[in-house]
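A short write-up of the structure that comes next.
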């Protein structure tokens, strides 16, 4: 399964971020080695869509995920949480066997 979904909260926040950028901006979510648990999520603004990217588009929010990162995010849900601790994107990832307190690092 390679489905990645966006919560309504994530769609709203991504739309707000992209609306403040120049035309053509998209949010790229990727997985790279590092962090305190072995892998970490990275969020970047990008204007280039690769032919093999997974593209999620909804209500003004466009998210790109490359095929290598997608292997580590199969079935994940991208959320945006705004609580007393702070506001941040959170990825609920069923592939991850453990994650750390920072919320951006995980292991498989």
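Numbering (my numbering), first residue to last: 82 to 189.
Glycine included, C-beta positions come from ideal geometry on N, C-alpha and C.
Everything numeric in this text was worked out from a predicted model, so none of it was measured.
Return the CA-CA distance between residue i and residue j, expressed in angstroms with no decimal places.
i, j, result
"residue 115", "residue 94", "26 Å"
"residue 100", "residue 91", "14 Å"
"residue 159", "residue 165", "20 Å"
Pick from the options: whose alpha carbon is nearest that of residue i?
i, options, result
"residue 177", "158, 105, 153", "153"
"residue 138", "106, 101, 102", "106"
"residue 127", "84, 113, 98", "98"
"residue 96", "144, 130, 120", "144"
"residue 88", "166, 162, 168, 147", "162"
"residue 130", "140, 170, 90, 146", "146"
"residue 157", "166, 135, 140", "135"
For residue i, is the classification buried or exposed, using 16 other Cβ atoms within 10 angstroms of its Cβ as the cut-off for buried?
i, result
"residue 112", "buried"
"residue 142", "buried"
"residue 150", "buried"
Below 8 Å on the Cβ atoms is my guess for residue i versus residue j; work out the distance and round it to an integer in Å.
i, j, result
"residue 108", "residue 124", "6 Å"
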